[in-house]
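One structure is given here, and the rest of the page talks about it.
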Amino acid sequence: MKSLNDANITWPTKDDDFFPYASDPHTYWTGYFTSRPTLKYFERLGNNFLQVCKQLYSLANLGPEDMVDLDAMREAMGIMQHHDAITGTEKQLVAFDYARILSNGFKECAAVASAAINKLMTPPSVQSNEESQENVVAANLDITSCLLTNISQCDISEGAEPFIVTVYNPLSRVVHKYVRLPVSGAAYSVKDSAGTQLQVQIVPIQKELMEIPGRESQATYELIFKAQDLPPLGFRSYYVSRANYILPAVKKVTFGLGTESGLMEWAQSNEIKIQVKQELFYYEGMQGNNEEFKNRSSGAYIFRPNGTEAKPLSTGPVATTIIRGDIVDEVHQKFSDWGSQVIRVYKEENHIEFNWLVGPIPVEDGIGKEVISRFTTEINNAGMFYTDSNGREMLLRRRRSAGEESNSANPEVQGTIVEPIGGNYYPVTSRIRIAGLGTNTALALSVLTDRAQGGSSIHDGEVE
1 MKSLNDANIT WPTKDDDFFP YASDPHTYWT GYFTSRPTLK YFERLGNNFL
51 QVCKQLYSLA NLGPEDMVDL DAMREAMGIM QHHDAITGTE KQLVAFDYAR
101 ILSNGFKECA AVASAAINKL MTPPSVQSNE ESQENVVAAN LDITSCLLTN
151 ISQCDISEGA EPFIVTVYNP LSRVVHKYVR LPVSGAAYSV KDSAGTQLQV
201 QIVPIQKELM EIPGRESQAT YELIFKAQDL PPLGFRSYYV SRANYILPAV
251 KKVTFGLGTE SGLMEWAQSN EIKIQVKQEL FYYEGMQGNN EEFKNRSSGA
301 YIFRPNGTEA KPLSTGPVAT TIIRGDIVDE VHQKFSDWGS QVIRVYKEEN
351 HIEFNWLVGP IPVEDGIGKE VISRFTTEIN NAGMFYTDSN GREMLLRRRR
401 SAGEESNSAN PEVQGTIVEP IGGNYYPVTS RIRIAGLGTN TALALSVLTD
451 RAQGGSSIHD GEVE
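The opening residue of the sequence shown carries number 1 in full-length UniProt numbering; numbering runs sequentially from there.
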């Protein structure tokens with residue numbers, strides 16, 4: 001090290017990563033950023049639940065028998081880190097097996113959570129009469145984790161009357177959480193532990209969600225309430241029962257829909273209004289035989305669209321249903337028979353939530369379809385955008401056009417860009433952002449994801 005310093009040589013520096021990788025001019029390894037997005041989401045939920053179970057195990061001072069269940073979830077999450085698991089590049093039967101292993105891990109972890117919550121709910125007077133914490137016999141409460149709320153299915157909330165909801169906060173700070181539970185009735189009352197009545201809202205479940213194959217639920221509504229001031233590493237419980245009234249709706253508009261298109265066309269936050277259009281599109285995947293790189297096909301590893309133009313899922317006006325309430329406003333949109341979404345704005349939040357539902361993707365024509373959500377704004381980002389580096393720092397990306405010099409470190413790829421779509425995609429682990437330059441520096445758009453995906457800004461003012 002001293003000799004290097006003595007030589008007084010100036011060394012080149014690099015402050016970003018080496019994405020996107022490419023092994024030849026037509027083979028950008030950007031497909032696995034998004035491949036099998038459902039499994040990617042499942043894996044992220046798995047890590048969340050594992051951390052919760054580890055915390056509850058320690059807080060409740062559980063014994064070795066519960067450690068066996070906890071280890072099952074640890075092992076499942078370890079398997080999910082395999083380079084053909086979290087990437088989504090595995091074969092379908094292997095993907096089924098990964099999902100089976102992780103699902104079993106969830107069930108084992110839920111048993112740990114149930115035992116821990118039972119013990120933590122045991123009154124201190126009962127615990128103090130025991131010889132040691134390890135010998136405390138907890139209250140025998142029937143605690144169930146609702147693991148299928150992503151498809152609005154939970155046997156307890158749908159059938160039990162009344163029931164208690166316990167919400168745990170695994171973070172080290174006080175948080176607020178909107179709770180959504182599938183229910184079969186149209187009016188409910190929610191009270192906290194002090195008996196205070198909470199604001200609630202009942203919204204219809206998205207029609208396309210109710211038609212998901214394998215969903216075993218008769219619930220047609222979701223009960224929504226806000227769990228306030230959840231303590232760090234702590235929980236609160238809420239008493240839910242039927243009610244004979246529905247609270248009146250309060251209208252509040254934070255985004256606008258086109259009267260003819262049914263698409264979101266503008267949004268407003270902090271009195272700043274921005275033109276932003278959001279729509280679902282798809283790229284047709286390139287078909288090839290992979291015998292030479294110019295015939296490379298799009299697949300789980302490689303993202304190679306056939307052309308540069310994406311096609312809209314909807315060829316006409318998007319069917320919309322608008323639901324307004326005291327807690328949240330929702331717009332249910334149907335783009336096609338295999339693509340729909342719900343746009344949500346919670347009244348006390350400063351962001352808009354998009355919950356998309358895609359599939360089964362029609363492949364009877366033998367053409368793969370790479371689905372994107374595209375946001376189009378008036379922001380002049382001059383080809384610059386930012387993506388996160390594994391949820392930590394934000395890295396500046398610069399869009400490279402067809403014919404422009406490649407930035408690849410691979411000698412076989414150096415030269416001009418011939419794949420302007422796949423060659424401009426980057427991993428988006430948690431967020432992607434564009435910001436205005438020139439006269440509109442006050443404007444910016446950030447998209448936060450609930451799973452690892454691929455993203456880019458193919459044209460100025462756009463995020464996809």
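Cβ atoms here follow ideal geometry from the backbone N, Cα and C, with glycine treated the same way. On a predicted model such as this, the values are computed, not experimentally measured, just so you know.
- Taking a cut-off of 8 Å for Cβ pairs, the region 221-240 and the region 266-277 do not touch, as fewer than three such pairs fall below it.
- A residue is called buried once 16 or more other Cβ atoms fall within 10 Å of its Cβ, and residue 197, having fewer, is exposed.
- Its chain contains 184 as the residues whose beta carbon lies nearer than 8 Å to that of residue 159, once the 5 sequence neighbours on both sides are disregarded; these appear in chain order.
- According to the DSSP secondary-structure assignment, residue 256 is paired through a beta bridge with 266.
- Between the region 188-203 and the region 77-94 there are fewer than three inter-stretch CB-CB distances shorter than 8 Å, so the stretches are not counted as touching.
- Distances from the alpha-carbon of residue 436 to those of 463, 340 and 429 put 463 closest.
- When DSSP reads this structure, residue 301 sits in no beta bridge, so it has no partner.
- Taking 4 residues as the shortest admissible run, the region 1-28 contains the following complete alpha helix (DSSP H) segments, listed from N- to C-terminal end: 2-7.
- The C-alpha of residue 13 is placed about 31 Å away from the C-alpha of residue 82.
- In this chain, the alpha helix (DSSP H) harbouring residue 97 covers 92-120.
- Of the other Cβ atoms in all chains shown, fewer than 16 fall within 10 Å of the Cβ of residue 96; this residue is therefore exposed.
- Within 10 angstroms of the beta-carbon of residue 26 lie 16 or more other beta-carbons, which makes it buried.
- Contact annotation: the region 300-311 touches the region 277-290, with at least three C-beta pairs closer than 8 Å.
- A contact is defined here as three or more CB-CB pairs under 8 Å, and the region 34-48 meets this definition with respect to the region 86-104.
- By the criterion of at least three beta-carbon pairs nearer than 8 Å, the region 418-431 is in contact with the region 452-460.
- For the region 143-174, the continuous beta strand (DSSP E) assignments of 3+ residues that do not extend past its boundaries occur at 163-169, in sequence order.
- Cβ atoms of residue 278 and residue 257 stay farther apart than 8 Å, at about 10 Å.
- With contacts defined by Cβ atoms closer than 8 Å, residue 28 and residue 303 form a contacting pair.
- Taking the C-beta atoms as reference points, residue 168 is found nearer than 8 Å to residue 235.
- If the five residues before and after residue 350 are omitted, its C-beta is found closer than 6 Å to the C-beta atoms of 269, all from its own chain and listed in chain order.
- If you draw a straight line from the Cα of residue 19 to the Cα of residue 380, it comes to about 24 Å.
- Of the candidates 41, 61, 322 and 241, 41 places its Cα closest to the Cα of residue 103.
- With contacts defined by Cβ atoms closer than 8 Å, residue 417 and residue 400 form a contacting pair.
- Contact annotation, residue 398 with residue 386: C-beta distance approximately 10 Å; criterion of less than 8 Å not satisfied.
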